[in-house]
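With UniProt numbering, letter number 79 in the sequence shown gets 79, and the count goes up by one each step, no holes. What follows is a single structure, written as C-alpha cells, with notes after it.
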Amino acid sequence: MGADRAVLTRTIERGEEEGGNVEFKTRLTREVHLAEGRMESLAAQLRHRVLSGDGEALYVIGVTDDGGIAGIAPTAFSESMDVLSLLAEEADAHIHEVETWAAGDGEAAGGLVGLATIREGAAFEADDDHIVVGTAGHVDHGKSTLVGTLVTGQADDGEGGTRSYLDVQPHEMDRGLSADLSYGVYGFDDEGPVRMDNPDRKTDRARVVEEADRLVSFVDTVGHEPWLRTTIRGLVGQKLDYGLLTVAADDGPTKTTREHLGILLAMELPTIVAVTKVDAPPEDRVLEVEREVESMLRDVGKTPLLVERHGVATAVEEIGDGIVPVLLTSAVTQEGLGELDRMLEHLPKREDDADGDFRMYVDRSYDVKGVGAVASGTIRSGEVEAGDELLLGPMPDGSFREVEVRSIEMHYHRVDKARAGRIVGIALKGVKESAVERGMALVPRDADPRPVRSFDAEVMVLNHPTRIQEGYEPVVHLETVSEAAVFHPEGGRLLPGDTGETEVRFKFQPYLVEEGQRFVFREGRSKGVGTVTGVRYADE
C-alpha cells in the first residue's frame, strides 16, 4: 500500500504544480455532470487533458480541487467511474486503468480515492483469432512451468521458477503445487511472439493484450489428484479451443495423465501432448517415454503425430479428427518451444458461436474496491458490451437478478466489449458479490431464461467398481456448475463401459441447462461423461 500510495501522492503534487494532463474531481454524478451542456463541456476538458499529456490524462477522484484527500463512498466512486467512462467515450478516449486507495483517517475514513488513467482512442477490442488453451497433466509434470516460459520467453531455472509468472496464490508457490486454476497470456504480431517483460506487473499483461495481433490465453489446471474437481472445472467450464497435456520425460504417463487425457477427449478437444523435462533424463529414457505416450494415445483410438518428424505445418493441419501432435520440450533449455510457439501462432480458432445470444457461466467472483461485484469466466456465445442490461442466475430459489455491465476487463486490460471465447471479468451493477456464485449464468435481459432442476442425458460410464443403480449420487460438472446430483437410469442400472439414458436431478438448486451440453460426472473413483438430451424446468 505504501508504494502505491506514493504514486497517488506524486500525481497530486504534479497536478498542483503543473496542471497539464492531471485533473482533480471530488466526485462525478449522472444528474449533474451528464446534464445537457455540462457533459459537452467536461468532455472537451477531458480531451484537452489527454492532448496535453501526449495521449494520456490522469483523473484523481475523491480529492478536493486543490488536491486534498476527501474520500467518497464506494457507491459514489462507482458512479463517478461510470460517468468518467461516458465522458471519455464522448472525447474519443477510454479508461485504460483504475487504481484505488482507502482515503485514510478522520472524516475521510472509509472513503475511496482513485486514480484513473485515460488514453486517447477507443478501448481495445479483442482480435477475432484469439485461442484459449487448457493445460492438463500429472502433478510436477511441468504444466505451469511450461506456460510460464512460453508467456515470458525466459528459460526456467530448473526449479519451476517461471510458474510464478501465472496467476497463482502465495500458498501454492510455497508448496510448489497448484490448487486452483491459473491464467496466462501471450500473443503474436508480424515480427513474432509478444511476451511479458515483467510478469509481476498487471500492466504488462495488459500491454500484451493491446499490442498482439493474435492472442493465446492459457487456463492452467491442477495436477494433484485431490484437486481433480478443479481440473475438471477448468477443462469443462471454460470455452477451450485446444488442450495441452504434459508428460514428464523423467516419469512418463501416469494414471492421472490418462485420466486427464480422457477428460480432454470426452470434451472433444483437439489436443497436443508436450513431453516435458527432456533435459533431465538420459536420451534413451526420453525416447522410451515418447513411445509410452504413443501407446497411450493408440489405446484410446488416437493417432500420435511426432512434430519433430512431420513438422509444425503438418501438425497444425492434422490436429483433431483423431490426430494428436506430440512434441519434446524443455523449459530449461527451451528445446521444442519454438515449434510449440509456431503451432500456437497458426492453430485455427474453433467455431466460437459469436453470432448467438450472449451467455457466460460464472467461474469466479470478486469484490473489487471502488467497482463492486465482478464475475469472471469465459464467454460461451455472443458478445457483451459495457452498459448492457443482463440477467444473473438462477438464484437458489430459481429467480434471476437484473444487473448492468459496468465495465469489462480481459487480462487486466479494460475493453469496451468482448465476444465468445474471451476470458473476461465483468463488473456488475445491481448485485452484491456475496450473491454471485460459481455456476450461475449471465444472459441478456430479454432472454427469458428458465431454471432447470433435472434433465435427461445419454451417458457413458468410463469406470465404476460395480453397476450404477437407481439413486446413484455423483458430482456433475456442467459448464462451471459442480453440483451433487441423483441419477435415475433407464432400466434401473448402468454397467461399466455402458452407454445409456438416465434422468439427472440436481440435489440442492436449479441451474441454466440446455440440450446438447456435455458434462462429466464423478463419485470416488468412478467417472463418466454425458450429453444433455432434454430438460425439465423447475418452474413447471
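The C-beta atom is built at its ideal place from N, Cα and C for all residues, glycine as well. Remember, predicted model here, so these are calculated numbers, not experimental data.
- The closest CA to that of ARG38, considering only ALA57, VAL83, GLU23 and SER52, is found on VAL83.
- Here ASP82 carries a helix assignment [DSSP, helix/strand/coil].
- Runs of the beta strand (DSSP E) lying entirely within the region 448 to 508 and spanning at least 3 residues, in chain order: 452 to 463, 475 to 478, 481 to 489 and 499 to 506.
- When the beta-carbon positions are compared, PRO451 and ALA538 come within less than 8 Å of each other.
- When rounded, the separation of the alpha-carbon atoms in SER85 and ILE95 is 6 Å.
- With respect to the 8 Å criterion, PRO444 and ASP357 are classified as neighbours on the basis of their beta carbons.
- Excluding the 5 residues flanking it on each side, GLY153 has same chain C-beta neighbours closer than 7 Å at PRO193 and ARG195, in chain order.
- By the criterion of a C-beta distance shorter than 7 Å, ARG49 is surrounded in its chain by ASN21, GLU23 and ALA57, once the five residues flanking it on both sides are discounted.
- Note on geometry: alpha-carbon atoms of VAL371 and SER78 lie some 5 Å from one another.
- Collapsing the DSSP output to three states places SER41 in a helix.
- A contact between stretches requires three or more CB pairs, one per stretch, nearer than 8 Å, and the region 136 to 150 meets this requirement with the region 252 to 267.
- Bridge pairing for MET440: absent [DSSP].
- Residue burial annotation: ARG291 is exposed, with fewer than 16 other C-beta atoms found within 10 angstroms of its C-beta.
- Annotation: GLY471 to LEU462 spans about 18 Å, alpha carbon to alpha carbon.
- For ARG380, the enclosing beta strand (DSSP E) has its first and last residue at 372 to 381.
- Within the region 295 to 319, the complete alpha helix (DSSP H) segments of 4 residues or longer fall at 307 to 310 and 312 to 318, listed in chain order.
- Nearest to TYR361 by alpha-carbon distance, out of ALA76, LEU391, THR329 and ALA248, is LEU391.
- In the structure shown, PHE77 falls within a helical segment according to DSSP collapsed to helix, strand and coil.
- Of MET81, ARG422 and GLU317, the smallest CA-CA separation from GLY114 is found for MET81.
- Assignment of LEU347 by DSSP, reduced to helix, strand and coil, places it in the coil class.
- Here ASP197 carries a coil assignment [DSSP, helix/strand/coil].
- DSSP lists no beta-bridge partner residue for GLY338.
- Counting along the chain, the unbroken alpha helix (DSSP H) around LYS255 starts and ends at 255 to 266.
- In the DSSP assignment, GLU31 falls within the unbroken alpha helix (DSSP H) covering 30 to 33.
- DSSP places ASP220 in the strand class (E or B) of the three-state scheme.
- At the C-beta level, ALA212 and ASP189 come within 8 Å of one another.
- Here the region 319 to 333 makes contact with the region 267 to 280; the two share three or more CB pairs at distances below 8 Å.
- Burial check for PHE487: the Cβ neighbour count within 10 Å reaches 16 or more, so the residue is buried.
- By the neighbour-count criterion, in which 16 or more other beta carbons inside 10 Å mark a residue as buried, ARG214 falls on the buried side.
- Between ALA420 and SER381, the C-beta gap is smaller than 8 Å, which places the two residues in contact.
- Apart from sequence neighbours up to five positions away, the residues of its chain that approach GLU503 with a beta-carbon distance below 7 Å are SER454, ASP456 and HIS488, ordered along the chain.
- Under DSSP, GLU23 takes part in a beta bridge, and its partners are TYR59.
- Here THR64 carries a coil assignment [DSSP, helix/strand/coil].
- With 16 or more neighbouring CB atoms inside 10 Å of its own CB, ASP241 falls in the buried class.
- The region 396 to 415 and the region 428 to 444 touch, with three or more beta-carbon pairs separated by less than 8 Å.
- ALA249 is the residue among GLY516, TRP101 and ALA249 whose C-alpha sits nearest the C-alpha of VAL289.
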